[in-house]
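Comments concern the structure below.
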Amino acid sequence: MARVVTAENLRARLGQELDSLKASSDVVYVSKRGRLAAVLIDVDRYADIVERLEFLEDSLAVLEARRDVEKAVPWKTVRRT
32 MARVVTAENL RARLGQELDS LKASSDVVYV SKRGRLAAVL IDVDRYADIV
82 ERLEFLEDSL AVLEARRDVE KAVPWKTVRR T
């Protein structure tokens, strides 16, 4: 469950908030001067997100490479004889 805390409250309760993140899959949004300024998530959840993002980036690179191969002109067509 997502929660919003102010930077001031977070400063006073950082240890409790970190324990809460470790015990659950919560997300903590940190606001400063009425605007969202940061997001806190458990390190394991962050690692999972990064791993998934890297997989998606690699998948996109493969798809783009395949698309580019289809646009390629064969060497026999472009070489001068």
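For what it's worth, our numbering labels the leading residue of the sequence shown as 32, then goes sequentially. Think of the CB as a built atom: it goes at the ideal place given N, C-alpha and C, for glycine as much as any other residue.
**Study point:** Cross-strand partners of LEU67 (DSSP beta bridge)
**Key:** SER62
Review point. How many Å lie between ASP73 and GLY65 at the Cα?
Key: Note on geometry: alpha-carbon atoms of ASP73 and GLY65 lie some 24 Å from one another.
Review point. Does the Cβ of LEU41 have 16 or more other Cβ atoms within 10 Å, making it buried, or fewer, making it exposed?
Key: buried
Point to revise | The alpha helix (DSSP H) enclosing ARG97, as first and last residue numbers | key: 74–102
Review point. Quick one: Cα of ASP99 to Cα of ASP50, how far?
Key: When the Cα atoms are used, ASP99 and ASP50 turn out to be separated by approximately 48 Å.
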